[in-house]
Amino acid sequence: MPIKWRWYDAQQRVILFTFLKLWTTEEFYEANANASEAAQEHQHVIDVIYDVTAISIAPRNSISNTVNMLRTETWQPYKGAAIVVGAGPGVRMIIHVAKQVLPKGMLYLAKDMDHAMRIVQEQQARRLDES
Numbered sequence: 000m001p002i003k004w005r006w007y008d009a010q011q012r013v014i015l016f017t018f019l020k021l022w023t024t025e026e027f028y029e030a031n032a033n034a035s036e037a038a039q040e041h042q043h044v045i046d047v048i049y050d051v052t053a054i055s056i057a058p059r060n061s062i063s064n065t066v067n068m069l070r071t072e073t074w075q076p077y078k079g080a081a082i083v084v085g086a087g088p089g090v091r092m093i094i095h096v097a098k099q100v101l102p103k104g105m106l107y108l109a110k111d112m113d114h115a116m117r118i119v120q121e122q123q124a125r126r127l128d129e130s
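Counted from 1, the sequence shown has number 47 at position 48 by numbering that gives the first Met the number 0; the numbering is strictly sequential.
Right under this line is the structure:
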């Protein structure tokens, strides 16, 4: 499977998707469905990190498929931020377009995993302040 997912932290508040090679949208939907099923067992917000450092191109229709998936994710209302790590120019273009149509504060770009975790920590702190 070119896309793997796992819990990134012991508290199961962050899911990490790792894209290992060229992938299809069907493979992404399958991995996402498996992660969503696991996430639905929790009653807290879950942030998601997408590590795309190992890929250079995305499949056709990636922009529309990504936007539709992020809009209709099944683990509402516990969906947190989506952070993309290591995006090359093609993936960054997809993220730029997606950010235009998604709610503000939903989608972020990070240069590495440390940066991604800082974004997660900022989002978790913001949610605590709002509650």
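C-beta: ideal position from N, C-alpha, C; glycine also.
Considering residue i, what are the terminal residues of the alpha helix (DSSP H) in which it resides?
i, result
"Tyr-7", "That residue, Tyr-7, is in no alpha helix (DSSP H); it is neither H nor E in DSSP."
"Val-119", "112-129"
Among the options, whose alpha-carbon lies nearest the alpha-carbon of residue i?
i, options, result
"Lys-126", "Lys-3, Arg-12 and Gly-85", "Looking at the sequence provided, one finds Arg at residue 126 rather than Lys. Nearest C-alpha to Arg-126: Arg-12."
"Ala-81", "Leu-106, Ala-97, Pro-88 and Pro-102", "Leu-106"
"Ala-30", "Met-0, Ala-9 and Glu-40", "Met-0"
"Leu-101", "Asn-67, Ala-34 and Ser-35", "Asn-67"
"Gln-10", "Gly-89, Gly-104, Glu-40 and Pro-88", "Glu-40"
"Thr-24", "Ser-35, Val-90 and Asn-60", "Asn-60"
"Gln-122", "Gly-104, Asp-111 and Met-112", "Gly-104"
Starting from residue i, follow the beta strand (DSSP E) in both directions and report where the run begins and ends.
i, result
"Tyr-107", "106-109"
"Ala-81", "78-84"
"Ile-93", "Here Ile-93 belongs to no beta strand (DSSP E); instead the alpha helix (DSSP H) covers 88-100."
If you measure between the beta carbons of residue i and residue j, is that distance less than 7 angstroms?
i, j, result
"Trp-22", "Ile-48", "no"
"Ala-57", "Ile-93", "yes"
"Val-119", "Asp-46", "yes"
"Ala-109", "Val-84", "yes"
"Phe-16", "Trp-4", "yes"
"Val-44", "Tyr-7", "no"
"Ile-14", "Ala-34", "yes"
Classify residue i: buried if its beta carbon has 16 or more other beta carbons within 10 angstroms, exposed otherwise.
i, result
"Asp-50", "buried"
"Ser-55", "exposed"
"Gly-79", "buried"
"Leu-124", "The amino acid at residue 124 is misidentified as Leu; the sequence shows Ala. Ala-124 should be labelled exposed."
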